[in-house]
Structures are given as C-alpha cells and as structure tokens.
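Residue numbers (my numbering): -8 to 506. For glycine and all other residues, C-beta sits at the position ideal for the given N, C-alpha and C.
This is the structure in structure tokens:
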C-alpha cells in the first residue's frame, strides 16, 4: 500500500518449488458469513507474473476469477486490489488505514488450500499499526502465519492509525482495535464485552481459542458485523454509543461473538468445507443466524447489561416486524435460508411481499423452541442444552451437522420428537402461535392500541427525495388495490399538496380527521 490515497492495495503472491507445467490461481467470489456472490475479482487489476530472474511469464485469464500461468519452479504474481468500500466483508484503504478481508484479497491455488502460508505487510508509514488474529512469525517483523487458506480468509487485517486496547477474560488475552472518530468509550465497551464473553463461555463451558480480537470501524451510518473463528469485524455509527443505540451495539457484539461457536465451529454440513467459487447452499441458516440472533438478545440480559423489561420490548418489537411482513405467508424459513444467495442481500420493491429474513423469523422460532423444550421438560432443560450438545457432538471437532443431526439433538434434549413443530414453522408458512408457548410462563402477546395511528395504506415512502416517492406497496393492501406502484410520487394527502418534508406530518395527522 505505497500510496493509500489511491485506494489500491499492492500484492505479491510468491510460489516456490512448483513442479507442474501450468499453474492456476483463483480468487474467491464470496466470503463465509456473508451469503452473496460478490465478484471480488472486479476490483483486481494490473495482473503480472515473473520468474525468479524477473522474466515475464505468459498467462491467460480463464474466467472471471481464474488465471492460468505457464509455470516455472519459482513464480511471483503481482496485482492490485481497489479498496474503497467500507464494510465488514469488503476492503477499504485511505490515508488513515487499510482494512482487508482474505476472500476479497488473496489468490489461491486449487488443490493446495491446505498448504501453510505467510503474509508480510509493508506499512506505508512508521506510525501505522497492525491488528489481526493471525500469529506473528518469530523474528520476522510484520509477517504472519496461516495454517491454510481457510485460516487466511478467516483472519482480516486492520492496518493503520487505530487505537488498540488489551484486556483479559477467563485467563485469555483479548484485544479491541477501534478505527475512526466518534463517541465510543473503550473502557465501557471492554467492561460490557467482558460480561458478554463470560456469559457465552458459561453457556458452552469455556473459550475455544487462545486469543481473540474485536475490530471496530466507526462510520457515518454503518451497522453490521462479520464473524471469524478468533476475531470479528464490527462496523457501527460513529456517534451511536449513547444508551439506546449503545445497547444495540452490545447486541451486535453478542451476536458476532456467539458465532465463535455457532457457525464458525458448529456449522452445517454444506459449510463444513468451503467452496469459494460458487454458492454453498444450506437450509440451516435459520439456526446458524436466527438462533444466534435470539441469543444476541438473551446474552446481555444474562450478563446484567439490561433487564427483563428491555428484553421483552426487543422481542415484542421483532414480533411486530415479522407480523407486519406479508412475505411470512409466502416464503418458509427453510426457503429463506436456501434463497439467501439470491434474495436476502438483494432486496427490491417486492421484497416485503415475497420473503422473510431467516435472522428475524429464525430468532422467533428459536424463542418458541426454547419455550417448548422448557415446557416439555418442566423447565429442567432449554435451548442452552441443545447448543451444548451440538458443541460436544459437532463443534469441538468441527464436524458439519445435517438437519437430521440437529433434529436428533433437539429431540434428545426435549425428550420427544418435535418434527411437527418444524414442519409448521420451518418448512411451512403457518403463523407462529406465540401465546401457545408463552402462556405457560405467564406471558402473552397482545396487539397494541391502534386508535392513535393514521389509517393503514400498505405503502412505504422513500425519504430524502424532493417529492415523497413510494418505495414498497404491500400485497393486498389499500394502496395496491388503488393501483399505487413503487416509484409513484405522492402529490397530495386529503387534497393538500405535500413534499418530502411535509409528508410525515400530513400523514400523521390523518387519524385526527378519521375521528
């Protein structure tokens, strides 16, 4: 990265003692944990190859992410990666830092992914620092060791002017690297993160790593994370560390850290061995992500970060989100998992009408499953026991599980077969019967009063336009029956001209006239 302002990472990939006639190298098209083909090769440029003497070697591009080289015993491939997209799954380079993900950055040799690799980082400035979960190669500054390509992909790098904070939890070292300007309080984050780590370690019976790294990027409007085995990448609003939004940040921390077990080690059979060049389909993302979403709300409660009232408010808000999504009648939870590659990350105007999120519905199904297990066992067992059993049977040795394996583990804990539960809520679109599972525990879902709400139209409006513009029209809604389409501009409400600024007030006042 000799010129960070260009947003170009300069890379050299050296292969020694190659003994075959030709060499093929490929670049991944997706990154584990983010289920979308992202075509990382579109950012690769200036591909060149030389031998040990610096002589050019001939090469041919075979496909969008594949190159074949006329080989020598020593080969050095040079290329550049454009990096100007600040997310947890892409690369970003500017004058203050460089962040790169393995899948978006590093070439691999098919058939040789199990070979060990080293990465040497050349810093553009002496005051830049490096944060990564990879171990340093002894005696070689800025050089890191990866046991195989999977480990390299699973170990992002943060290089630059970040702050670095060390802390210990349960006798193991942890680090927090923060890049960007904002209002986070590192010591407060460390205190609450420690409580989250302890609560999750208590669930699973200890920590499965030697050390762990939290990478946090502060951005104007970011909110997300990406899990890795021994670290996680987080991006959050730079001024989002006041109480309500700070609690949401801690839910994000709890979510990504829970993935240390669930999905990074307890993972579906389809994700046991990654194919980096095409979609890796599974119907189990409801468990890998949805169950994790349930625990990201539950863990802070157990850690004492917030109380029962706040937890129940979060759950009720999410019930409202699902129950106001028409797509729950159309797409099953298993279909949502399978279709993640073509739907979840590619929303359009019809998204609310034909799909649901396996995060959201998976979370709520996990809650009902937890309650069902507790009821069947007189509260002697819970979803916690399922997670521990899955950890013992599959996670510790990183053996991929099948759907039947998961159902067997649940039946073992519950003391009965729950296939009818899954047939209705996982494979079907039957409405979730919240109160059937909640009432034995003294809880009930009740609809909120609607008399103070404006009339229901079934359309959502884009913000920021000069004129209020329709973004979504819900199926079978008054707006759809009236012929409103996505992209239509709203000119007036009740005969009064509206703009993007006045629309919210005008629409909000409709309920007064309806009375």
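Contact under 8 Å by Cβ, residue i with residue j
i: residue 166; j: residue 155; result: yes
i: residue 217; j: residue 80; result: yes
i: residue 380; j: residue 275; result: no
i: residue 310; j: residue 355; result: yes
i: residue 262; j: residue 273; result: yes
i: residue 72; j: residue 27; result: no
i: residue 193; j: residue 241; result: no
i: residue 95; j: residue 82; result: yes
i: residue 345; j: residue 465; result: no
i: residue 32; j: residue 55; result: yes
i: residue -2; j: residue 88; result: no
i: residue 4; j: residue -8; result: no
i: residue 158; j: residue 104; result: no
i: residue 98; j: residue 16; result: yes
i: residue 221; j: residue 124; result: yes
i: residue 515; j: residue 401; result: The structure shown does not extend to residue 515, since the chain is modelled only from -8 through 506, so no value can be given for it.
i: residue 267; j: residue 20; result: yes
i: residue 179; j: residue 386; result: no
i: residue 417; j: residue 323; result: yes
i: residue 470; j: residue 448; result: yes
i: residue 190; j: residue 293; result: yes
i: residue 150; j: residue 119; result: yes
i: residue 481; j: residue 452; result: yes
i: residue 428; j: residue 359; result: yes
i: residue 40; j: residue 50; result: yes
i: residue 484; j: residue 497; result: yes
Supposed close pair residue i, residue j - CB separation, criterion 8 Å
i: residue 38; j: residue 58; result: 7 Å
i: residue 248; j: residue 188; result: 7 Å
i: residue 13; j: residue 60; result: 7 Å
i: residue 305; j: residue 288; result: 5 Å
i: residue 35; j: residue 48; result: With 8 Å as the limit, residue 35 and residue 48 do not qualify as a contact, their Cβ atoms being about 18 Å apart.
i: residue -4; j: residue 86; result: 6 Å
i: residue 121; j: residue 148; result: 7 Å
i: residue 353; j: residue 186; result: Actually they do not touch by this definition, with Cβ atoms about 25 Å apart.
Other residues of its chain near residue i: CB distance less than 6 Å, five sequence neighbours each side excluded
i: residue 108; result: 137, 143
i: residue 219; result: 145
i: residue 224; result: 79, 147, 206, 217
i: residue 195; result: 252, 382
i: residue 215; result: 79, 226
i: residue 300; result: none
i: residue 420; result: 320, 323
i: residue 175; result: 232
i: residue 468; result: 449
Close-in-space but distant-in-sequence residues of the same chain around residue i (CB under 7 Å, 5 per side omitted)
i: residue 171; result: 208, 209, 210, 229
i: residue 406; result: 367, 368
i: residue 259; result: 273, 275, 279, 391, 392
i: residue 478; result: 460, 461
i: residue 357; result: 281, 282, 285, 374
i: residue 505; result: Because the pLDDT of residue 505 is 48, which lies under 50, any placement of that residue in the model is unreliable, and the question is left without a value.
i: residue 246; result: 216, 283, 284, 287
i: residue 11; result: 62
i: residue 316; result: 343, 347
Close beta carbons around residue i, own chain, < 8 Å, minus the five adjacent residues each side
i: residue 163; result: 198, 200, 201, 202, 203
i: residue 342; result: 318, 334, 463
i: residue 212; result: 228
i: residue 476; result: 461, 464
i: residue 161; result: 188, 189, 192, 197, 198
i: residue 29; result: 20, 21, 22, 80, 81, 95
i: residue 269; result: 20, 28
C-beta neighbour in chain B for residue i, strict 8 Å
i: residue 272; result: Structure shown: chain B not included; a single protein chain is present.
Sheet register partners of residue i (DSSP bridge)
i: residue 54; result: 57
i: residue 38; result: According to DSSP, which records beta bridges pairwise, residue 38 is partnered with nothing at all.
i: residue 215; result: 226
i: residue 148; result: 91, 123
i: residue 253; result: 257
i: residue 464; result: 450
i: residue 113; result: DSSP lists no partner for residue 113.
i: residue 3; result: 69
i: residue 13; result: 61
*When the Cβ atoms of the region 345 to 353 are set against those of the region 272 to 281, are three or more pairs found closer than 8 Å?*
yes
*Specify whether the region 432 to 439 and the region 449 to 463 touch according to this definition: at least 3 beta carbon pairs, one from each stretch, less than 8 Å apart.*
no
_With a threshold of 8 Å, are at least 3 pairs of Cβ atoms found where one atom belongs to the region 126 to 140 and the other to the region 96 to 113?_
yes
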